[in-house]
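Presented below is the structure to which this report refers.
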Amino acid sequence: MTREIRKVGVIGLGTMGAGIAQVCIEAGFETVGREVSLELGERAKERIGGFLTRKVEKGQLAQGDRDTAVERLGITTDIAELADCDLVIEAAFEDLQVKHELFGELERVVGDDAILASNTSALSVTEIAAACERSERVVGMHFFNPAPLMKLVEIVRAERTADDVFEAAYAFAHLLGKEPIRCHDTPGFVVNRVLIPVLNDCIRVLDEAGVTPEDLDTAMRHGAGWPMGPCALVDLVGIDIHVHASEALYEKTREPRMAPPPRLVRMANAGKLGRKSGEGFFKY
Ligand code: CAA
Numbered sequence: 011m012t013r014e015i016r017k018v019g020v021i022g023l024g025t026m027g028a029g030i031a032q033v034c035i036e037a038g039f040e041t042v043g044r045e046v047s048l049e050l051g052e053r054a055k056e057r058i059g060g061f062l063t064r065k066v067e068k069g070q071l072a073q074g075d076r077d078t079a080v081e082r083l084g085i086t087t088d089i090a091e092l093a094d095c096d097l098v099i100e101a102a103f104e105d106l107q108v109k110h111e112l113f114g115e116l117e118r119v120v121g122d123d124a125i126l127a128s129n130t131s132a133l134s135v136t137e138i139a140a141a142c143e144r145s146e147r148v149v150g151m152h153f154f155n156p157a158p159l160m161k162l163v164e165i166v167r168a169e170r171t172a173d174d175v176f177e178a179a180y181a182f183a184h185l186l187g188k189e190p191i192r193c194h195d196t197p198g199f200v201v202n203r204v205l206i207p208v209l210n211d212c213i214r215v216l217d218e219a220g221v222t223p224e225d226l227d228t229a230m231r232h233g234a235g236w237p238m239g240p241c242a243l244v245d246l247v248g249i250d251i252h253v254h255a256s257e258a259l260y261e262k263t264r265e266p267r268m269a270p271p272p273r274l275v276r277m278a279n280a281g282k283l284g285r286k287s288g289e290g291f292f293k294y
């Protein structure tokens, strides 16, 4: 069966959800974003509009196309308004209980053929899907931060994902202009399985080698060709998000390198969350 995706729902308009919604409207899909309050939703829409305005200023987008794209995005607090979506991408808080409630609710409102995707980065898609009666319609679509700029989407096959659902998610990522890959539902999937322990090693090296965050970033940019240094990257991802993902992977794999370095845990506990809080390894 081929599945046509015309309308997309995005649950949660934080950094990742807003980025995903932006990618969807830029690719021409009518999109409904659901947030817990209208104020948060409208604020996310303004941020998206701001990024698109910047593209107009840089000559990458016509003003008319920018305005039409922004008009494609509806904001709601009511999951029932996602009833006619062909695909819903969940980008809510990384908590299994929260996701179970959302997927349970979603299944009650969407049509029989709707695909339910999770953007989870550290939880098991199979465990998330367990909340659904028809778990064969659940798939992982893992975008990378910042979603409008990063090309990769990991399409994650959960234990019960149907073949046509998996392929439809893969094809949709292509329609978004992304470079999707197919993978199984293993802890961290592909990129985070590799990147999280490497970033944790980088943070441990700060103390071991007595190097400053500035110099470590210079080292990895100019010695390893990274587009941005590890400290700037963890600041971008969010110290709390990185600690949470490390803990989740450590819990699943028991590999010591997955465990969050104490320095990061201290920063998270002190509210130094990176760019979003104005301070992490660097000040913003
Ligand atoms: N939409 C549109 N434009 C955006 C944007 C958005 N959401 N966010 C930023 N931009 C724009 C900025 O406005 C900026 O333009 P201006 O400065 O002209 O306004 C432009 O994009 C970026 O410009 P840069 O010169 O900074 O771009 P760059 O060439 O340095 O690339 C980058 C930026 C793509 C982020 C690059 O530094 C990079 O690849 N970094 C690594 C990022 C990475 O590894 N991400 C993965 C994190 S791990 C993860 O996400 C997994 C997880 O589960 C947590």
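For the sequence shown, the positions run 11 to 294 when the numbering used here is used.
Yeah, the Cβ is synthetic: ideal placement off N, Cα and C, and Gly gets one too.
Everything numeric in this text was worked out from a predicted model, so none of it was measured.
- Pairing R44 with K55, the inter-Cα distance amounts to about 11 Å.
- Closer than 7 Å to some heavy atom of the ligand CAA: that describes the Cβ of K68.
- Nearest to L246 by alpha-carbon distance, out of I35, R16, K286 and G38, is K286.
- The residue among L205, A278 and I35 with its C-alpha nearest the C-alpha of G239 is L205.
- Bounds of the alpha helix (DSSP H) holding V201 are V201 to E218.
- The DSSP assignment places complete alpha helix (DSSP H) segments of no fewer than 4 residues inside the stretch 79-156 at 106-119 and 135-139, in order along the chain.
- The beta carbon of A127 sits closer than 8 Å to those of L97, V98, I99, E100, V148, V149, G150, M151 and A179, all from its chain and outside the five residues before and after it, given in chain order.
- Between R82 and F39 the beta-carbon gap is near 7 Å, inside 8 Å, which marks them as a contact.
- Residue pairing from DSSP places L162 in a beta bridge opposite E189.
- Counting of Cβ neighbours within 10 angstroms places H194 among the exposed residues, the total staying below 16.
- Look at the stretch 17-57 and you find these whole runs of beta strand (DSSP E), each 3 residues long or longer: 17-21 and 40-44.
- Between A181 and V80, the alpha-carbon positions lie close to 24 Å from each other.
- Residues of the same chain with a CB within less than 6 Å of the CB of H110, apart from the 5 flanking positions on each side, are A141 in chain order.
- Contact annotation: L274 and I249 have beta-carbon atoms nearer than 8 Å.
- Residue burial annotation: S134 is buried, with at least 16 other C-beta atoms found within 10 angstroms of its C-beta.
- In the DSSP assignment, the residues bridged to K293 are E289.
- In this structure, the C-beta of G29 approaches the ligand CAA to less than 7 Å from one of its heavy atoms.
- In the three-state reduction of the DSSP assignment, G69 falls in the coil class, being assigned neither a helical nor a strand state.
- For the stretch 211-290, the continuous alpha helix (DSSP H) assignments of 4+ residues that do not extend past its boundaries occur at 223-234, 240-247, 249-263 and 272-279, in sequence order.
- Closer than 7 Å to some heavy atom of the ligand CAA: that describes the Cβ of M238.
- Secondary structure at R76: helix, using DSSP grouped into helix, strand and coil.
- Residues of the same chain with a CB within less than 7 Å of the CB of T25, apart from the 5 flanking positions on each side, are N155 in chain order.
- Taken through DSSP and simplified to helix, strand or coil, R64 comes out as helix.
- Non-local beta-carbon contacts of R231 in its own chain, meaning distances under 6 Å to residues more than five positions away in sequence, involve G239 in chain order.
- Check the Cα spacing between R16 and each of D211, V200 and A37: the tightest is with A37.
- In this structure, P271 is the residue among P271, H184 and A172 with its C-alpha nearest to the C-alpha of E218.
- A direct Cα-to-Cα measurement between L186 and G220 gives close to 43 Å.
- 8 Å or more divides the Cβ of G51 from the Cβ of L92.
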